[in-house]
Amino acid sequence: AQSVTQPDIHITVSEGASLELRCNYSYGATPYLFWYVQSPGQGLQLLLKYFSGDTLVQGIKGFEAEFKRSQSSFNLRKPSVHWSDAAEYFCAVGGRNDMRFGAGTRLTVKP
Amino acid sequence: NAGVTQTPKFQVLKTGQSMTLQCAQDMNHNSMYWYRQDPGMGLRLIYYSASEGTTDKGEVPNGYNVSRLNKREFSLRLESAAPSQTSVYFCASSESVGGVSTDTQYFGPGTRLTVL
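Chains A and B are the protein sequences, given in the same order.
All residue numbers for the first sequence refer to this note's numbering, where the first residue is 1431 and numbers rise by one.
All residue numbers for the second sequence refer to this note's numbering, where the first residue is 9 and numbers rise by one.
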């Protein structure tokens, strides 16, 4: 079965600084990869997804992610973080009959 | 459009009580899902319905039952609640027929359940 690891439980960055959230996956075939964001007390919202093609994927709110097959990674990046980006971020991998989420990375943004 | 709605928002049960969590979507989506979210574990799929009239087990189905009442509604039932079922429950839907793998999922706001 597929699995997802998000190595960082909590990350703090200063507003305006760059951000990279790590995601490693395990899956036997070509993965379907997603990043979702969850604001406090809310459901999850899709930031971006990768199925095939260009390995650099652009998403909403200025986020992007790069699929690296050789490293089994799908890291999320943003060049300049805004205070409103403070939230929890989940990486997920989809298979035929299952969707597996990572444990999440909580992002704190310092003024 | 309301998107995905869930009721109730909060619920406290005693061990052994039963309850049904309701979920509805107004996006004419074919697939619907129930997840639970526990600290440090992300979301885990309980059951899903790949199309109206079908349901399948996910990663953690034990202790739960589901009903796909019609295309809009997908309910989750706890027949005899246990403290281990204390969690936040999310319903989601997606457009495609057939499974959980490829489509964007749209999530409801969640139900926070405590079992004493």
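Don't be surprised by glycine CBs; every beta carbon is placed ideally from N, CA and C.
Since the structure is predicted, the reported quantities are computational estimates derived from the model, not experimental observations.
Environment of residue i [buried if 16+ CB atoms lie within 10 Å]
{"i": "TRP1513 (chain A)", "result": "exposed"}
{"i": "LEU1486 (chain A)", "result": "exposed"}
{"i": "GLY50 (chain B)", "result": "buried"}
{"i": "ASP1484 (chain A)", "result": "exposed"}
{"i": "ALA58 (chain B)", "result": "buried"}
{"i": "SER1444 (chain A)", "result": "exposed"}
{"i": "ARG76 (chain B)", "result": "buried"}
CA-to-CA distance, residue j to residue i, given in whole angstroms
{"i": "ALA1517 (chain A)", "j": "SER1469 (chain A)", "result": "5 angstroms"}
{"i": "GLN19 (chain B)", "j": "GLY61 (chain B)", "result": "28 angstroms"}
{"i": "SER101 (chain B)", "j": "THR1535 (chain A)", "result": "24 angstroms"}
{"i": "LEU1537 (chain A)", "j": "LEU1451 (chain A)", "result": "9 angstroms"}
{"i": "PHE1531 (chain A)", "j": "CYS99 (chain B)", "result": "15 angstroms"}
{"i": "GLY24 (chain B)", "j": "THR122 (chain B)", "result": "12 angstroms"}
{"i": "TYR1462 (chain A)", "j": "GLY11 (chain B)", "result": "24 angstroms"}
{"i": "ALA89 (chain B)", "j": "GLY1458 (chain A)", "result": "36 angstroms"}
{"i": "PRO91 (chain B)", "j": "ASP46 (chain B)", "result": "13 angstroms"}
{"i": "LEU79 (chain B)", "j": "ALA1447 (chain A)", "result": "Sequence check: residue 79 (chain B) is Lys here, not Leu. Between LYS79 (chain B) and ALA1447 (chain A), the C-alpha separation is close to 45 angstroms."}
{"i": "SER1503 (chain A)", "j": "MET35 (chain B)", "result": "32 angstroms"}
{"i": "GLN1488 (chain A)", "j": "THR119 (chain B)", "result": "31 angstroms"}
{"i": "GLN1501 (chain A)", "j": "CYS1453 (chain A)", "result": "10 angstroms"}
{"i": "TYR1466 (chain A)", "j": "GLN113 (chain B)", "result": "10 angstroms"}
{"i": "ASP111 (chain B)", "j": "TRP42 (chain B)", "result": "15 angstroms"}
{"i": "HIS37 (chain B)", "j": "ARG52 (chain B)", "result": "21 angstroms"}
{"i": "ASP1528 (chain A)", "j": "VAL1539 (chain A)", "result": "33 angstroms"}
{"i": "SER1433 (chain A)", "j": "CYS1521 (chain A)", "result": "10 angstroms"}
{"i": "VAL96 (chain B)", "j": "SER83 (chain B)", "result": "15 angstroms"}
{"i": "THR1435 (chain A)", "j": "GLY48 (chain B)", "result": "11 angstroms"}
Residues that DSSP places opposite residue i in a beta bridge
{"i": "PHE1464 (chain A)", "result": "A:LYS1479 and A:ALA1522"}
{"i": "CYS99 (chain B)", "result": "B:TRP42"}
{"i": "HIS1440 (chain A)", "result": "A:ARG1536"}
{"i": "ARG1499 (chain A)", "result": "In DSSP, ARG1499 (chain A) forms no bridge with anything."}
{"i": "ALA1431 (chain A)", "result": "According to DSSP, ALA1431 (chain A) bridges with nothing at all."}
{"i": "GLN30 (chain B)", "result": "B:THR15"}
{"i": "PHE1493 (chain A)", "result": "Beta-bridge pairing links PHE1493 (chain A) to no other residue."}
{"i": "TYR114 (chain B)", "result": "B:SER101"}
{"i": "ASP64 (chain B)", "result": "B:TYR56"}
Of the residues the options, the one placed nearest residue i, counting alpha carbons only
{"i": "TYR55 (chain B)", "options": "B:ASP64, B:PRO47 and B:THR94", "result": "B:ASP64"}
{"i": "ALA1533 (chain A)", "options": "B:LEU124, B:ARG44, B:THR15 and B:ALA100", "result": "B:ARG44"}
{"i": "LEU21 (chain B)", "options": "B:ARG76, B:MET35 and B:GLU87", "result": "B:GLU87"}
{"i": "VAL1523 (chain A)", "options": "A:SER1456, A:SER1448, A:ASP1438 and A:ASN1505", "result": "A:SER1456"}
{"i": "SER39 (chain B)", "options": "B:LYS17, B:PRO16, B:PRO117 and B:GLU103", "result": "B:GLU103"}
**Prompt:** Do the region 1462-1476 of chain A and the region 30-39 of chain B touch if we need at least three Cβ pairs shorter than 8 angstroms?
**Reply:** no
**Message:** When you compare the region 1484-1494 of chain A with the region 68-76 of chain B, are there three or more beta-carbon pairs, one atom per stretch, that lie closer than 8 angstroms?
**Reply:** no
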